[in-house]
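Comments concern the structure below.
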Amino acid sequence: MEPVGPGEPRMANSAGEWDRFDPDAYYELNYSALRADDRQILEGVRAYFATFAAAAAAERPLSGLDVGSGSNLYPTLSMLPWCEQITLVEFGASNVVWLEKEIKAYGATWDEFWDVLCQEPVYGAVEDPRRLLAERATVSQGSVFELDRARWDIGTMFFVACSISEKEDEFRRASECFLNALVPGAPFAMAYMEKSEGYRVRDVAFPAVSLDMTQIQDSLDGLATDLKVNRIVVAELLREGYEAMVLVCGRTRREPVPGARIPD
């Protein structure tokens, strides 16, 4: 996508052709092999969850939330040892179909991702992650902007808030809706593309908002605590049109922000 110039209208989330998203093409480009940047993200999430998710799960099994899963299973796998149930919320119809099939018996590619997680003993203690994921994961078609409030105990949202709109206010609202869907004090992990100019899946262009580190961190101000931020740069970028990946791990603040949607 061409960068948006000063004064030009910015593409809203509602204008995205989300049902034309090709999950097989996206998977092939992004996750058919473990990249160095994804390895670093896995290592960061693994270390954070081994501390904070383990502490939360010491009281009771957790319910997990992954928002905007697309054709990426590793955020969900990162929550698996602590969760009795995980909800994958995805807006695009084609992605929902892909996820429903993949969680039943995920492909061999994800073994390499799971092996990175297994460097932490709590993951290695899971005897059959395929079976466990099939038993505990469900896919729900829905929007990040319509999540129930304070429903889940742990959450992930990777490359979503920054990649669904060209409008910074929608980026901030997506982040807020995700964090407010978690209970107070819940551990979470969020990943971003820094300075993204948008992206293509086959011949379809999708929007993104160009963010720097300050904007990413400011979007979490007052919403989260215990933050750990990693800026990840590798020798070979995934594609043109961005500068780095950013991983943020933290916990939601003790009191959710007023105004989020309340469960029915």
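According to this note's numbering, the sequence shown is numbered sequentially starting from -12. Think of the CB as a built atom: it goes at the ideal place given N, C-alpha and C, for glycine as much as any other residue.
Task: Separation of residue 190 from residue 15, as counted between CA atoms - done: Those two C-alpha atoms are separated by around 15 Å.
Task: Cβ distance (whole Å) where residue 32 is taken to contact residue 236 below 8 Å - done: That pair is a contact at about 6 Å.
Task: Rounded C-alpha distance that separates residue 59 from residue 93 - done: Residue 59 and residue 93: Cα-Cα distance of roughly 11 Å.
TODO: Assuming residue 21 and residue 76 form a contact by the criterion Cβ under 8 Å, report the distance between their Cβ atoms to the nearest whole angstrom.
DONE: Contact flag wrong, Cβ pair sits at about 25 Å.
TODO: Return yes when the Cβ of residue 178 is within less than 9 Å of the Cβ of residue 234, no when it is not.
DONE: It is a contact, given that the beta carbons lie within the stated cut-off.
TODO: Give every residue of the same chain whose Cβ lies closer than 8 Å to the Cβ of residue 8, excluding the five residues on either side of it in the sequence, and list them in chain order.
DONE: Excluding residues within five positions, the ones whose Cβ falls inside 8 Å are 57, 79, 81, 82, 188, 191 and 193.
TODO: Would you list, in sequence order, the uninterrupted alpha helix (DSSP H) runs of no fewer than 4 residues that lie entirely inside the region 146 to 187?
DONE: Runs of the alpha helix (DSSP H) lying entirely within the region 146 to 187 and spanning at least 4 residues, in chain order: 155 to 167.
- [ ] Check the C-beta distance from residue 90 over to residue 45 and give it rounded, since I have them as a contact under 8 Å.
- [x] The pair is not a contact, with the Cβ atoms about 27 Å apart (cut-off 8 Å).
TODO: Could you check the C-alpha separation between residue 230 and residue 182 for me, to the nearest Å?
DONE: Cα atoms of residue 230 and residue 182: separation of roughly 6 Å, rounded to the nearest angstrom.
Task: Top-ranked residue by Cα proximity to residue 118, from 157, 36 and 71 - done: Across the set 157, 36 and 71, the C-alpha of 71 shows the shortest separation from the C-alpha of residue 118.
Open item on the list: Short of 6 Å in beta carbon distance, which residues of its chain neighbour residue 10, apart from the five on each side in sequence? Order them along the chain.
Closed with: Contacts found: 58, 81, 82 and 85.
Task: Cβ neighbours of residue 228 in the same chain (closer than 6 Å, five flanking residues each side left out) - done: Leaving aside the five residues that flank residue 228 on each side, the residues in its chain whose CB is nearer than 6 Å to its CB run, in chain order, 184.
Open item on the list: Please return the same chain residues whose Cβ sits closer than 7 Å to the Cβ of residue 149, not counting the five positions on each side in sequence.
Closed with: If the five residues before and after residue 149 are omitted, its C-beta is found closer than 7 Å to the C-beta atoms of 158, 179, 180, 183, 195, 196 and 198, all from its own chain and listed in chain order.
- [ ] Grab me the residues of residue 127's own chain with a C-beta within less than 6 Å of its C-beta, minus the 5 sequence neighbours each way, in chain order.
- [x] Beyond the five residues adjoining it in sequence on each side, residue 127 comes within less than 6 Å, by CB distance, of 74 and 76 in the same chain, given in chain order.
Task: Beta-carbon proximity check, residue 176 vs residue 143, cutoff 9 Å - done: Yes.
Task: Secondary structure, beta strand (DSSP E): runs of 3+ residues fully inside the region 48 to 123 - done: The qualifying runs are 49 to 54 and 70 to 77.
Open item on the list: If you reduce the DSSP assignment to three classes, tell me which class residue 29 lands in.
Closed with: Residue 29: helix per DSSP, three-state reduction.
Task: Cutoff 6 Å; reference residue 221; Cβ partners in own chain excluding five residues on either side - done: So the qualifying residues of the chain are 23 and 24.
TODO: Output yes or no for whether 9 Å exceeds the beta carbon distance between residue 138 and residue 65.
DONE: Contact: no.
TODO: Measure the alpha-carbon distance for residue 26 versus residue 136 and round it to whole angstroms.
DONE: Residue 26 and residue 136 have their C-alpha atoms some 31 Å from each other.
- [ ] Kindly indicate the opening and closing residues of the alpha helix (DSSP H) around residue 12.
- [x] Where residue 12 is concerned, the enclosing alpha helix (DSSP H) stretches over 10 to 17.
Open item on the list: If you reduce the DSSP assignment to three classes, tell me which class residue 238 lands in.
Closed with: The answer is strand: DSSP assigns residue 238 an E or B state.
Task: Exposure of residue 108, with buried meaning 16 or more beta-carbon neighbours within 10 Å - done: By the 10 Å Cβ count, residue 108 comes out exposed.
Task: When 215, 208, 19 and 113 are compared against residue 30, the one with the closest alpha-carbon - done: Among 215, 208, 19 and 113, the Cα nearest to that of residue 30 belongs to 215.
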